[in-house]
Amino acid sequence: MKKLIMLLALVVCALGAGARSADYIYLNNGSVIKGYIESEVPNVSITIRSENGQLYTYNMTEVRKITRQAPEVPSVGHDGNLTRLRSMEHGFWCAFEIGAGSSVRVSHTNRMYAEGDFVFGYRGSQYARIGLGVGYRHYFSQVPDFRDSSVKWAIPLYFNVRGNLLGHAYRSIVPYYSVDLGGAFRDGLMARPAIGFKFGVDRSSFLVSLNYTAQQLPLINKEGERKRQVLSFLGLKLGYEF
């Protein structure tokens, strides 16, 4: 009789363990870990045993949420495609940016501009992306020794390289670099390095950056000759990247 009771108790325990709902840990990098939570240090770390028996420990700064609700299967519509895109380490990426800046000249009056840009390309990792950019730039004023043209707009076209300087998995704010090389229709060749910060999660971040632009412009020099010369600009950009 005692053996039968012990056997029934073991069966009940096994069934209870099998009936336990799995835990899901959602990480900031888009990964979802399924298993059973073994231990947790509040606000510090959490350890989960995956279905294959492996133990994984994560800092709480890596964790977006913990739940027993299974991830929803992405729909086939636009939102589903965007969800899948944001979880991909490689593939397509895109950024929208607006900004303004000023020329940097010591012995002349400086001039302002505003610009909007769209950049898209291929993402090799969070540390390296390549893309093509196109924008619209408007000069608020122009004179012969700054930009000798009756048209106040230009169209920047450029090749872009950018990436994170630190990993995004543990942080909601990371520094990044960006370099534009190309030219501007109606102006000339252009080079624009920048450094800034990303706010949010990887594949869905707001951008703030400072940039230096070396831009060829048509102007009339001190000798009265009309030619293209390189002028320097400092600018600020705000944007969104996914």
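First residue of the sequence shown: 2, per the working numbering; consecutive thereafter. The beta-carbon is built from N, C-alpha and C at its ideal position, and this holds for glycine as well.
Relative to the C-alpha of residue i, which residue among the options is closest?
| i | options | result |
| --- | --- | --- |
| residue 158 | 148, 141, 118, 144 | 118 |
| residue 196 | 222, 239, 55 | 239 |
| residue 204 | 221, 220, 164, 56 | 164 |
| residue 179 | 99, 27, 210 | 210 |
| residue 30 | 191, 64, 55, 48 | 64 |
| residue 174 | 149, 207, 185 | 207 |
| residue 58 | 68, 70, 37 | 37 |
| residue 176 | 114, 27, 202 | 202 |
| residue 32 | 200, 122, 66, 142 | 66 |
| residue 227 | 148, 156, 185 | 148 |
| residue 168 | 185, 90, 231 | 90 |
| residue 156 | 231, 122, 114 | 114 |
Is it true that the CB of residue j sits closer than 7 Å to the CB of residue i?
| i | j | result |
| --- | --- | --- |
| residue 212 | residue 193 | yes |
| residue 132 | residue 144 | no |
| residue 217 | residue 189 | yes |
| residue 92 | residue 112 | no |
| residue 233 | residue 107 | no |
| residue 161 | residue 181 | yes |
| residue 100 | residue 116 | yes |
| residue 41 | residue 49 | no |
| residue 25 | residue 62 | no |
| residue 150 | residue 219 | yes |
Ignore the nearest five residues each way along the sequence and tell me which others in residue i's own chain have a CB closer than 8 Å to its CB.
| i | result |
| --- | --- |
| residue 15 | In this prediction, residue 15 has a pLDDT of 48, which is less than 50 and means its spatial position is unreliable; nothing more can be read from the coordinates. |
| residue 154 | 137, 138, 139, 140, 187 |
| residue 70 | 25 |
| residue 1 | This structure gives no information on residue 1, because the portion of the chain shown stretches from 2 to 243. |
State the CB to CB distance for the pair residue i and residue j, rounded to an integer number of angstroms; the pair is presumed to be in contact (CB under 8 Å).
| i | j | result |
| --- | --- | --- |
| residue 102 | residue 225 | Not confirmed; about 28 Å, so no contact. |
| residue 94 | residue 243 | 7 Å |
| residue 51 | residue 34 | 7 Å |
| residue 28 | residue 39 | So it is not a contact: roughly 17 Å between Cβ atoms. |
Tell me which residues share the same chain as residue i and place their Cβ nearer than 6 Å to its Cβ, disregarding the 5 neighbours each side in the sequence.
| i | result |
| --- | --- |
| residue 98 | 118, 238, 240 |
Once you ignore the five residues that flank residue i on each side, which residues in its own chain have a CB closer than 7 Å to its CB?
| i | result |
| --- | --- |
| residue 128 | 164, 165 |
| residue 221 | 145, 146, 149, 227 |
| residue 44 | 61 |
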